[in-house]
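> Numbering (numbering that gives the first Met the number 0), first residue to last: 0 to 103. Each residue gets a CB set at the ideal place from its N, CA and C atoms; glycine is no exception. Here the structure is a predicted model, which means the values were calculated and not measured. Please see the structure below; I have some questions.
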Amino acid sequence: MRIPIACTLTAQSAAARVEEWRRFFAQSIDGAERVDDVHLRVRLNGSTEDLDAAVDLARREKACCEFFVFSIEVEADASWLSLKVPPDAAEILDGFVSLLPQPL
0 MRIPIACTLT AQSAAARVEE WRRFFAQSID GAERVDDVHL RVRLNGSTED LDAAVDLARR
60 EKACCEFFVF SIEVEADASW LSLKVPPDAA EILDGFVSLL PQPL
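In structure tokens:
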């Protein structure tokens, strides 16, 4: 089954969500890497609050944009939020990259 590249948020709600992602990236991460055209990883600052915020925001994004795949990757010295999209949604991931506080 193919999941459509679609979002169920209204335009106003979508604008608010974009701003929420921008704030999250500015406050809760300390690095990012673009693995490829369809995969972005952001390194969380390390606090429990940042991890909780990442999970909450990813769950709500998944609820309106079902095509996203989110995961938390735990390493000995870091935790990462991983965002993946299908190839035909790479431009949407580009939009997320543009919200990062500094270019990759």
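(1) Starting from E48 and walking both ways along the alpha helix (DSSP H), at which residues does that stretch end?
(2) How about F66 and L82: do their beta carbons lie closer than 8 Å?
(3) Are L43 and W20 touching if we call contact CB-CB under 8 Å?
(4) Given this structure, state the Cα-to-Cα distance separating V84 from V34, to the nearest angstrom.
(5) Does A31 pass the burial test, meaning 16 or more other C-beta atoms within 10 Å, or should it be called exposed?
(6) What residues are listed by DSSP as bridge partners for D36?
(7) Hey, out of D93, K61 and V73, whose CA is closest to G45's CA?
(8) Assuming S27 contacts A52 (C-beta within less than 8 Å), just tell me the rounded distance between them.
On the basis of the data shown:
(1) T47 to C63
(2) With contacts defined as CB atoms closer than 8 Å, F66 and L82 fail to qualify as a contacting pair.
(3) Taking C-beta atoms as the reference points, L43 and W20 fail to come closer than 8 Å.
(4) 12 Å
(5) buried
(6) Per DSSP, none; premise fails for D36.
(7) V73
(8) 6 Å
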